[in-house]
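One structure below.
Numbering (the working numbering), first residue to last: 392 to 1181.
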């Protein structure tokens, strides 16, 4: 019945209009009111607890319809607040009351006719009845979830309270309605509601709230331009009269299009943070802003909000931060039968549950640390505006941008927090000290110059701060031009601008025997010293080699230059042992120029002593100086020991053809007569028998050794030289070098006991202990007469 009532009443009203059936003024409204109230009273009389939810969906519109018809009767009869009924209107009330007849109810439950007659008898009764019906309509709409319809009824109730002069109740209804309409996107209705709310605050002389409403109305693009201009002028007029600041949210007044950080990477301390913001102003005219700010907030230790990885925040990301505007992630699932026919369709939303939007007032940032506009005052024009803001990064840490604010006198337009968060990091860079050398390597024994480069950081330090340099043992240094070289020195940093550099000369000198050195730099602002490793290269390097000609010994010294500058060397000298006689084979030499990478060789003959010693201490000296530089010559010294230098064995070999052959021919066997002679008996008298192993190392493409290629021979005291005959075949013709023969010390296996067991082993002879006379020998091999290669 409740669901069919309202369509029935609409149909009747339409048919009466079509049939042009006339009725006294207000008669139709009375009949419609009474019909709706009769249905509502019947539903209330026969209701059941389990049916309230069902019929409330239809009774809500009946309550609203009844309140509208009663208000229409109030306008007709002059019963609205602020109006006085005329005599003609009183006659209308009397006629309507008589036409309704009598349908009395009980005192506890009056009939609809009684209620209507009572409402029309006085303004107080009318006001009471109308407000009761409107409250019932709004309550029922809210109960059934139709909040928007409830707010529309609230607008009508607010207008009624406005006529009563109760601006506080009017503002409450209009504020709730405006907030809901704006959230649901009913921008035009919200703008009309804000306009009514502004008029309410103006009547109440609440100028702060009036300014807030004027700002919203002037920025409403759905309203007429003349209306917007009017409220914009009212806002500017009353802003100048404010005695303290007024904070108004951005809402639809100003929209942030994008926010981008112009600093690349990490921001250094005491540098400038640069931010560019694109905003859209919906004000109908341009307005002058005394300040434009963006708050800078400390980043919490535990992040609870979404942070942006990039350096810019776009309009798309700002829109996605509003949970109510996000598109639901819904997936469809299709179930099929075995015959491939569709059985059922279902949808699943895997996103998190929607949360109620917080109705608490927003929390505004502390703008004590913020970015300000580059040019002030700034002109905010309708449409797109580019705002450039800067701030000095005075404190290190991690920050994110909070809220944006426009100051128009005492009016402060503040945005919501910028989410996702756009973060920056401010770090400090301390002073640095570095040692730089020339591209050429550092030379030991020469005084050279290095560069000490001091670079100031992001903060200033005391000009009297001293930096100390300590050198390791064997290294001397000095930063003062005329002072003597010492193991440590210090200097003051002096006055330095941020990120500026100064260069000082550092003199260093390393000993000839030192190669790797260290310089420790002690800075007051560092907990640990800076250790710099330096590598010095000697200007000269030497090597020696012992050459043997039977029992005669020759020492060859090779001297190589390692300096990029040419060296002048001269007066080479060799001292061996205390009284050992040597013969200089170099002749008289003048000073020579030694270039980098080149070498000179010097030779001396060592005269053998009848009573040779096991080790000889040798010292090689030569003077050197840099070419083209006036300086005293320096002495280069090279020490080495000569051990196992006496000739113990003489190795010789000859190649002979076999019997019946006059020459060695290709493909014919020949005899290799290997002779090993012991000539060092005085040094080998501790061993009664000495075993020697020989090895023939022939080149496979030249010689083919037939039979054994190695063997062991033993020498006894006063024994003649050992001779070994090996069969060998030449594989090619010409003057061929004899196969290489090598001998080594053969140490037989010792007796073993238990688990320990030894094996024979070989030990090489030291250079100079074996004279190999086969080196350099050649033999002439001729081809075979019937060789097909001829």
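Don't be surprised by glycine CBs; every beta carbon is placed ideally from N, CA and C.
If we count the other Cβ atoms within 10 Å of its Cβ and call it buried at 16 or more, is residue i buried or exposed?
i: residue 1189; result: Because the chain in this structure spans residues 392 to 1181, residue 1189 falls outside the shown range and cannot be described.
i: residue 498; result: exposed
i: residue 978; result: exposed
i: residue 1077; result: Because the pLDDT of residue 1077 is 47, which lies under 50, any placement of that residue in the model is unreliable, and the number read from its coordinates should be weighed accordingly. It counts as exposed.
i: residue 1083; result: buried
i: residue 866; result: buried
i: residue 603; result: buried
i: residue 521; result: buried
i: residue 556; result: exposed
i: residue 827; result: exposed
i: residue 1053; result: exposed
Over the uninterrupted alpha helix (DSSP H) stretch that includes residue i, give me the two end residues.
i: residue 423; result: 418-436
i: residue 453; result: 443-468
i: residue 487; result: 478-491
Is the beta carbon of residue i sitting closer than 9 Å to the one on residue j?
i: residue 402; j: residue 423; result: no
i: residue 507; j: residue 461; result: yes
i: residue 796; j: residue 683; result: yes
i: residue 678; j: residue 799; result: yes
i: residue 1169; j: residue 1127; result: yes
i: residue 898; j: residue 842; result: no
i: residue 552; j: residue 586; result: no
i: residue 525; j: residue 533; result: no
i: residue 910; j: residue 863; result: yes
i: residue 1038; j: residue 1024; result: no
i: residue 518; j: residue 671; result: no
i: residue 801; j: residue 628; result: no
i: residue 768; j: residue 680; result: yes
i: residue 973; j: residue 967; result: yes
i: residue 783; j: residue 661; result: yes
i: residue 1067; j: residue 1040; result: yes
If I follow the unbroken beta strand (DSSP E) through residue i, where does it start and stop?
i: residue 993; result: 990-997
i: residue 1066; result: 1061-1069
i: residue 975; result: 973-975
i: residue 514; result: Residue 514 -> not in any beta strand (DSSP E); alpha helix (DSSP H) instead, spanning 514-534.
i: residue 623; result: Not the beta strand (DSSP E): residue 623 falls in the alpha helix (DSSP H), residues 616-630.
i: residue 665; result: 663-672
i: residue 1010; result: 1006-1017
i: residue 880; result: 879-883
Just verifying my parser: in three-state terms, what is the DSSP assignment at residue i?
i: residue 398; result: helix
i: residue 1075; result: The predicted position of residue 1075 is uncertain, since its pLDDT is 47 and thus under 50; no value can be drawn from it.
i: residue 1118; result: strand
i: residue 754; result: coil
i: residue 697; result: coil
i: residue 1106; result: strand
i: residue 790; result: strand
i: residue 1055; result: strand
i: residue 684; result: strand
i: residue 731; result: coil
i: residue 1028; result: strand
i: residue 709; result: helix
i: residue 557; result: coil
i: residue 782; result: strand
i: residue 803; result: strand
i: residue 824; result: strand
i: residue 1154; result: strand
i: residue 1043; result: strand
i: residue 677; result: coil
i: residue 547; result: helix
i: residue 403; result: helix
i: residue 641; result: coil
i: residue 657; result: coil
i: residue 1035; result: coil
i: residue 690; result: coil
i: residue 850; result: coil
i: residue 945; result: strand
i: residue 509; result: helix
i: residue 765; result: coil
> Which runs of the beta strand (DSSP E) fall wholly inside the segment 887-943 and span at least 3 residues, in chain order?
Replying inline: 892-901, 907-913, 921-928 and 931-940
> What are the complete alpha helix (DSSP H) segments, minimum 4 residues, inside the segment 579-620?
Replying inline: 598-609
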